[in-house]
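Trainee: Pasting a structure below so you can have a look.
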Amino acid sequence: MSSNNPEIQRYGVAGGTGTGGQHLPFARAVQADGWLYVSGQVPMVNGEVIDGGIVAQTHQAIRNLLAILTEAGYGPEHVVRCGVWLDDARDFMSFNRVFQEYFGANPPARACVVSSMVVDCKVEIDCVAYRKE
Numbered sequence: 294m295s296s297n298n299p300e301i302q303r304y305g306v307a308g309g310t311g312t313g314g315q316h317l318p319f320a321r322a323v324q325a326d327g328w329l330y331v332s333g334q335v336p337m338v339n340g341e342v343i344d345g346g347i348v349a350q351t352h353q354a355i356r357n358l359l360a361i362l363t364e365a366g367y368g369p370e371h372v373v374r375c376g377v378w379l380d381d382a383r384d385f386m387s388f389n390r391v392f393q394e395y396f397g398a399n400p401p402a403r404a405c406v407v408s409s410m411v412v413d414c415k416v417e418i419d420c421v422a423y424r425k426e
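Heads up: the sequence shown begins at 294 in my numbering, then just goes up one per residue.
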């Protein structure tokens, strides 16, 4: 790598597992030059989607996202953009109430779409964060 390229750090490339213990072939997050790109987080604990509706699943997906931010030395105040995928448009208002609990003090830019999920869940969230190095 040349001296003018930023150093790139990858988080969680070795041990990520999805449903049924399947190895996930991507990093949980990648950091470069103050920017942190966090992969989409679903409401999983120990490789399994939690039971519950949109409120419980949103809390878990955001907790997973925040855990990765914390591991990399970032917090919710550093998040500049979130991408959100909902399984059902009727969950939008309930999702927003939970989202505001975590990001209300420092609201990021955000896109929210309705999409069929690859994993059997109600919500997925990714983010981009920035912290001056």
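The C-beta atom is built at its ideal place from N, Cα and C for all residues, glycine as well.
Please read these numbers as outputs of a predicted model, since none were measured by experiment.
Going residue by residue through the segment 359-397, where are the continuous alpha helix (DSSP H) segments of at least 4 residues, counting only ones entirely within it?
Mentor: Counting whole runs of 4 or more residues, the segment 359-397 contains the alpha helix (DSSP H) stretches 385-396.
Trainee: What three-state label does DSSP hand Val335 in the structure shown?
Mentor: Locating residue 335 in the sequence shown gives position 42, counting from the first residue. Residue state, collapsed to three classes: coil.
Trainee: Could you tell me which of Ala422, Arg303, Tyr304, Glu300 sits nearest to Pro369, measuring between CA atoms?
Mentor: The residue labelled residue 369 in the question sits at position 76 within the sequence shown. Here the closest residue by C-alpha is Ala422.
Trainee: Just the Cα atoms here: how many angstroms apart are Arg403 and Ile301?
Mentor: Looking up residue 403 in the sequence shown gives position 110. Looking up residue 301 in the sequence shown gives position 8. About 25 Å.
Trainee: Report the rounded CA-to-CA distance for Val338 versus Ala354, giving the unit in angstroms.
Mentor: As a first step, residue 338 is located in the sequence shown; it is residue number 45 there, counting from the start. As a first step, residue 354 is located in the sequence shown; it is residue number 61 there, counting from the start. Looking at the two C-alpha atoms, the distance is approximately 9 Å.
Trainee: Which stretch, first to last residue, makes up the beta strand (DSSP E) that contains Val406?
Mentor: If you number the sequence shown from 1, residue 406 lands on position 113. Note, Val406: beta strand (DSSP E), 402-407.
Trainee: Can you tell which of Arg424, Val416, Cys420 has its C-alpha closest to the C-alpha of Val348?
Mentor: Residue 348 sits at position 55 when you count from the first residue of the sequence shown. Nearest C-alpha to Val348: Val416.
Trainee: Note down the Cα distance separating Asn399 from Tyr367, rounded to an integer number of angstroms.
Mentor: Here the question's residue 399 lines up with position 106 in the sequence shown. Here the question's residue 367 lines up with position 74 in the sequence shown. Whole-angstrom Cα-Cα distance: 13 Å.
Trainee: Quick one, are the C-beta atoms of Val335 and Cys414 less than 8 Å apart?
Mentor: For the purposes of this step, residue 335 is identified with residue 42 of the sequence shown, where counting begins at 1. For the purposes of this step, residue 414 is identified with residue 121 of the sequence shown, where counting begins at 1. Cβ distance < 8 Å, so Val335 and Cys414 count as in contact.
Trainee: Can you give me the C-alpha to C-alpha distance between Gly345 and Val412, rounded to a whole angstrom?
Mentor: In the sequence shown, the residue the question calls residue 345 occupies position 52. In the sequence shown, the residue the question calls residue 412 occupies position 119. Gly345 and Val412: Cα-Cα distance of roughly 15 Å.
Trainee: Give me, in chain order, the residues of the same chain whose beta-carbon lies closer than 6 Å to that of Glu394; leave out the 5 immediate sequence neighbours on both sides.
Mentor: Stepping through the sequence shown from its first residue, residue 394 is reached at position 101. For Glu394, where only same-chain residues beyond five positions count, there are no Cβ hits under 6 Å.
Trainee: Going by the CB atoms, is the gap between Ile418 and Leu359 shorter than 8 Å?
Mentor: Indexing the sequence shown from 1 puts residue 359 at position 66. Indexing the sequence shown from 1 puts residue 418 at position 125. No, these two residues do not count as a Cβ contact at 8 Å.
Trainee: Excluding the 5 residues preceding and the 5 following Gly401 in the sequence, name in chain order all residues of the same chain whose CB lies nearer than 8 Å to its CB.
Mentor: In the sequence shown, residue 401 corresponds to position 108, counting from 1. The sequence as given places Pro at residue 401; Gly does not occur at that position. Around Pro401: Val372, Val373, Arg374, Cys375, Cys420.
Trainee: Determine the DSSP secondary structure at Ala349, reduced to helix, strand or coil.
Mentor: Along the sequence shown, read from residue 1 onward, the residue named residue 349 stands at position 56. Looking at Ala349 - three-state DSSP - the assignment turns out to be helix.
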